[in-house]
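The structure under discussion appears below in the form of structure tokens.
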Amino acid sequence: MDRGNHSVVSEIVFLGLTHSWEIQLLLLVFSSVLYVASMTGNMLILLSVTTDPHLHSPMYFLLANLSIVDLGVCSTAAPKMIYDLFRKRKVISLGGCIVQIFFIHVLGVVEIVLLIAMAFDRYVAICKPLHYLTIMSPKMCVLFLAAAWAIGTIHSLFQLAFIVNLSFCGPNVLDSFYCDLPRLLRLACTDTYRLQFMVTINSGFLCVGSFFILIISYIFILFTVWKHYSSGSSKALSTLSAHITVVFFFFGPTMFVYTWPHPNSQMDKFLALSDAVLTPFLNPVIYTFRNKDMQAAMKRFFRPLVIFRKIS
Numbered sequence: 000m001d002r003g004n005h006s007v008v009s010e011i012v013f014l015g016l017t018h019s020w021e022i023q024l025l026l027l028v029f030s031s032v033l034y035v036a037s038m039t040g041n042m043l044i045l046l047s048v049t050t051d052p053h054l055h056s057p058m059y060f061l062l063a064n065l066s067i068v069d070l071g072v073c074s075t076a077a078p079k080m081i082y083d084l085f086r087k088r089k090v091i092s093l094g095g096c097i098v099q100i101f102f103i104h105v106l107g108v109v110e111i112v113l114l115i116a117m118a119f120d121r122y123v124a125i126c127k128p129l130h131y132l133t134i135m136s137p138k139m140c141v142l143f144l145a146a147a148w149a150i151g152t153i154h155s156l157f158q159l160a161f162i163v164n165l166s167f168c169g170p171n172v173l174d175s176f177y178c179d180l181p182r183l184l185r186l187a188c189t190d191t192y193r194l195q196f197m198v199t200i201n202s203g204f205l206c207v208g209s210f211f212i213l214i215i216s217y218i219f220i221l222f223t224v225w226k227h228y229s230s231g232s233s234k235a236l237s238t239l240s241a242h243i244t245v246v247f248f249f250f251g252p253t254m255f256v257y258t259w260p261h262p263n264s265q266m267d268k269f270l271a272l273s274d275a276v277l278t279p280f281l282n283p284v285i286y287t288f289r290n291k292d293m294q295a296a297m298k299r300f301f302r303p304l305v306i307f308r309k310i311s
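Here it is as structure tokens:
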């Protein structure tokens, strides 16, 4: 479609992940399994934290909310991608594309703020254990949660402000399997180079800045533990490696997509696929297998079901 033809674009066409039917079948199985596993794992964490009194603490409150966010992340791009693997023509309405961008940015920023809150929680638990319940009070946890959603919504609305007054007259093809703001801006009728630069700076600075804040925080915690190690901090320290692992899995692909100066379509697709289905799957796996309290809570959750099955 030529830009000189000012017909209004009403839908966006995705090129998808690959043109190979064999690879599409492989991706269909891979993505479907990971999607179901991600939904199941995060729902189990949410149910375990909600129903088990042993997990009614600030750390698990934040973890449960992280699982809610991961459930949202799973549902934003993965179902559409899996459905499109069955289809030859992969399309989404322009309005649906904008809605998808909105939720991707909201949930991404909420997850960033929650990861920062969880790092602060570990800092207090390890460095100020006697004041832990005072500092990480229910009010503080709710404030962290409210701040996460407020910042995420404001950030996403700010991103969408870049495109609200733009007109799209073609082409309408995205070499991707989901809508992202930088690619959509390139489809606008007018020159959007400055807007693309602002979006990259905005999202890239947010990702990189938050990542370094988290890494510096964890380094400070590890240094404090090394300097003043006590047996009382061992339990809190045991969860630290899980937090650091999740941070690297979450920020690695995101920072590459928004800060790499020479974008590569295939690499971007691989990293976006990782963010869409792999990271939400790994989060519950990492937090469950590295946390004895969570494992015990899940055993208590399933015990009545096992007993009922034996009786019946």
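Oh and the sequence shown: position 54 is 53 in numbering that gives the first Met the number 0, straight run, nothing missing.
From the three backbone atoms N, C-alpha and C, an ideal C-beta is built for every residue, glycine too.
> At which residues does the alpha helix (DSSP H) containing Lys138 begin and terminate?
Replying inline: DSSP places Lys138 in the uninterrupted alpha helix (DSSP H) bounded by Pro137 to Leu159.
>> Checking 7 angstroms against the spacing of the C-beta atoms, do Asp174 and Leu16 come in under that value?
In response: Not in contact: Asp174 and Leu16 (Cβ atoms no closer than 7 angstroms).
>> Using the Cβ count rule (16 or more neighbours within 10 Å means buried), how would you classify Leu156?
In response: So Leu156 ends up on the exposed side.
> How should Ser240 be labelled, buried or exposed, when 16 other C-beta atoms within 10 angstroms of its C-beta is the threshold for buried?
Replying inline: By the 16-neighbour rule on beta-carbons within 10 angstroms, Ser240 is exposed.
> Tell me the DSSP bridge mates of Leu173?
Replying inline: Looking at the DSSP output, Leu173 sits in a beta bridge with Phe13.
>> Going by the DSSP bridge assignment, what does Ile91 pair with across the sheet?
In response: Partner residues in the beta bridge of Ile91, as assigned by DSSP, are Ile11.
>> Let me check understanding here. Comparing Cα to Cα, which of His55, Val172 and Phe161 lies closest to Val8?
In response: Cα-wise, what sits closest to Val8 is Val172.
> Helix or strand or just coil, what does DSSP make of Asn290?
Replying inline: Three-state result, Asn290: coil.
> Skipping 5 residues on each side, what residues in its chain have a beta carbon closer than 6 angstroms to that of Ile134?
Replying inline: Counting only Cβ-Cβ distances below 6 angstroms, and skipping sequence neighbours, we find Val123.
> Tell me which same chain residues have a C-beta within less than 7 angstroms of the C-beta of Leu45, skipping the five on either side of it?
Replying inline: Scanning its chain for C-beta atoms nearer than 7 angstroms, with the 5 sequence neighbours on each side dropped, one finds around Leu45 the residues Ala63, Ser66 and Ile67, in chain order.
> Rounded to a whole number of angstroms, what is the C-alpha to C-alpha distance between Ile218 and Ser273?
Replying inline: About 26 angstroms.
> In angstroms, rounded to a whole number, what distance separates the CA positions of Ile200 and Leu184?
Replying inline: Cα to Cα, the separation comes out at about 14 angstroms.
> Can you list, in chain order, the residues of its chain whose CB lies under 6 angstroms from that of Lys268, leaving out five sequence neighbours each side?
Replying inline: Within the same chain, Lys268 has close Cβ partners Leu16.
>> On the DSSP letters alone, give me the boundaries of the alpha helix (DSSP H) that Asp51 sits inside.
In response: Looking at the DSSP string, Asp51 is not in any alpha helix (DSSP H), and its letter there is neither H nor E.
>> Buried or exposed for Gly107, going by 16 or more other Cβ atoms inside 10 Å?
In response: Looking at its Cβ environment, which holds 16 or more other Cβ atoms inside 10 Å, Gly107 is buried.
>> Which residue wins for smallest C-alpha separation from Thr75, given the options Cys96, Cys206, Ile22 and Lys89?
In response: Out of Cys96, Cys206, Ile22 and Lys89, Cys96 has the C-alpha closest to the C-alpha of Thr75.
> What number of angstroms, rounded off, separates the C-alpha of Asp69 from the C-alpha of Pro279?
Replying inline: Straight-line Cα distance between these residues: approximately 5 angstroms.
> Residues in its own chain within less than 7 angstroms of Ser216 by CB, not counting five upstream and five downstream?
Replying inline: Around Ser216: Ala118 and Tyr122.
> Exposed or buried, which one is His104 when buried takes at least 16 other CB atoms within 10 Å?
Replying inline: By the neighbour-count rule (16 or more Cβ atoms within 10 Å), His104 is buried.
> Less than 7 angstroms separating the beta-carbons of Ser56 and Ala296?
Replying inline: Remark: C-beta atoms of Ser56 and Ala296 do not approach each other more closely than 7 angstroms.
> Of all the options Leu27, Leu277, Pro252 and Thr287, which has the alpha carbon lying nearest to the alpha carbon of Met266?
Replying inline: In terms of Cα proximity to Met266, the closest of Leu27, Leu277, Pro252 and Thr287 is Pro252.
>> Please classify Gln158 as buried or exposed, where buried requires at least 16 neighbouring CB atoms within 10 angstroms.
In response: Buried, because 16 or more other Cβ atoms sit within 10 Å of the Cβ of Gln158.
> What residue from Phe250, Thr189, Pro181 and Phe196 has the CA that sits closest to Phe211's CA?
Replying inline: The shortest Cα separation from Phe211 among Phe250, Thr189, Pro181 and Phe196 belongs to Phe250.
> Anyone know if the C-beta pair for Phe81 and Ser37 falls short of 7 angstroms?
Replying inline: Checking the displayed sequence, the identity of residue 81 turns out to be Ile instead of Phe. Inclusion of Ile81 and Ser37 in the CB contact set at 7 angstroms is not warranted, their separation being larger than that value.
> What do you get for Gln294, buried or exposed, if any count of 16 or more other CB atoms within 10 angstroms of its CB means buried?
Replying inline: Looking at its Cβ environment, which holds fewer than 16 other Cβ atoms inside 10 Å, Gln294 is exposed.
> When you compare only the Cα positions, how much space is there between His314 and Leu84?
Replying inline: Since the first and last residues shown for the chain are 0 and 311, residue 314 lies out of range.
> Buried or exposed: which applies to His53, given that a residue is buried once 16 or more other Cβ atoms fall within 10 Å of its Cβ?
Replying inline: Counting Cβ neighbours within 10 Å, His53 comes out exposed, since fewer than 16 surround it.
> Quick one: what's got a C-beta closer than 8 angstroms to Asp51's C-beta in the same chain, skipping five residues either side?
Replying inline: If the five residues before and after Asp51 are omitted, its C-beta is found closer than 8 angstroms to the C-beta atoms of Ala296, Arg299 and Phe300, all from its own chain and listed in chain order.
>> Quick check: what's the CA-CA separation for Leu312 versus Leu33?
In response: Outside the displayed range of the chain (0 to 311) lies residue 312, so it cannot be described from this structure.
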